[in-house]
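Going by the numbering used here, the first residue of the sequence shown is number 100, and it counts up by one from there. Note that beta-carbon positions come from the ideal geometry of N, C-alpha and C, so glycine has one too. What follows is a single structure, written as structure tokens, with notes after it.
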Amino acid sequence: IDVNFADAVTGTRQIKMLGLTSPYILISTENIPTVRGASQAYGLSFIPGTWVQSIQLTKGAGSVVNGYESIAGQINAELQKPISDA
């Protein structure tokens with residue numbers, strides 16, 4: 100995984116996995132695809148860092164289960180679970 104600045108003016112960063120740019124990486128939250136299309140440049144900025152419990156990286160071509168965008172791999176963010184006093 101390689102992270103580079105894509106635009107010096109706005110400070111956006113571009114993720115590369117296995118040499119392929121972000122349109123070929125599936126970004127999901129709790130295994131549900133969330134960021135697609137033109138918004139992938141800002142994809143990981145949509146989730147506040149304090150909400151993230153863990154991040155799973157899967158390199159390589161995904162199956163039909165993961166989705167058609169996971170040619171280079173998948174980035175999945177698991178969120179913090181609410182605490183119940185039950």
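Is it right to say G159 is buried, meaning 16 or more other beta carbons lie within 10 angstroms of its own, or is it exposed?
-> As a working note, residue 159 is residue 60 in the sequence shown. Label assigned to G159: exposed.
Leaving out five residues before and five after F104 in sequence, what residues of the same chain have Cβ atoms less than 8 Å from its Cβ?
-> Along the sequence shown, one-based indexing puts residue 104 at 5. Same-chain partners within the cutoff: G110, T111, R112, Q113.
Quickly, what does DSSP pair K158 with across the bridge? List them, please.
-> Reading the sequence shown from its first residue, position 59 is the one you call residue 158. According to DSSP, which records beta bridges pairwise, K158 is partnered with G172.
For my contact list, G172 and T149 are in at a C-beta cut-off of 8 Å; report their separation, rounded to the angstrom.
-> One-based indexing of the sequence shown puts residue 172 at position 73. One-based indexing of the sequence shown puts residue 149 at position 50. Incorrect: roughly 25 Å between the Cβ atoms, too far for contact.
Might you give, ordered along the chain, the residues of its own chain that have their beta carbon closer than 8 Å to the beta carbon of N130, omitting 5 neighbours on each side?
-> Within the sequence shown, numbered from 1, the residue matching residue 130 stands at position 31. For N130, where only same-chain residues beyond five positions count, the Cβ hits under 8 Å are N175.
G118 to K180 span [Cα, whole Å] | Sequence index remark: in the sequence shown, residue 118 carries index 19 (1-based). Sequence index remark: in the sequence shown, residue 180 carries index 81 (1-based). Using only the alpha carbons, I get a separation of about 34 Å.
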